[in-house]
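All remarks here apply to the structure that follows.
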Amino acid sequence: MNAMDDFTITSVSLDKIRFATNYFFDTGIYFPKFSIIAFYYNLIPPTHPQMRIALYILTFITGAFALVTFFGDTFWCGPDPSVNW
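When we follow the UniProt record's numbering, the leftmost residue of the sequence shown carries the number 1, and every step to the right adds one.
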């Protein structure tokens, strides 16, 4: 007997919207990260190779995490995303 028991909406279109909002959220999380990394590419001169290597590694790690997050959102329930709705 919860407060939200009467609020269960079983609509396919609402489930599709909820599924799509995951991508908007992830884009909102990773876009600022890539923007800051792009700023660092302008800030760190190429004459500092150790800092550039660290920046390349940071870019690779952030890109890998973003890719894993998007794949995780898409295939968290198996290879058929339509199971979500």
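Just so you know, even glycine gets a beta-carbon here, dropped at the ideal spot from N, CA and C.
Inter-residue Cα distance where the pair is residue i and residue j
| i | j | result |
| --- | --- | --- |
| PHE60 | PHE19 | 27 Å |
| ILE44 | LYS33 | 16 Å |
| ASN22 | ASP73 | 7 Å |
| SER13 | PHE39 | 39 Å |
| LYS16 | MET51 | 43 Å |
| SER35 | TYR41 | 10 Å |
| TRP76 | HIS48 | 41 Å |
| VAL83 | THR27 | 23 Å |
| PRO46 | PHE70 | 32 Å |
| ILE29 | GLY78 | 24 Å |
| TYR56 | PHE65 | 14 Å |
Alpha helix (DSSP H) segment containing residue i, residue limits
| i | result |
| --- | --- |
| VAL12 | 12-43 |
Coarse secondary structure for residue i, derived from DSSP in three states
| i | result |
| --- | --- |
| THR47 | coil |
| GLY72 | helix |
| ALA78 | Here the sequence assigns Gly to residue 78, which means Ala is not the residue at that position. It is coil, neither helix nor strand. |
Rounded Cβ spacing between residue i and residue j (contact assumed at less than 8 Å)
| i | j | result |
| --- | --- | --- |
| ILE37 | THR62 | 6 Å |
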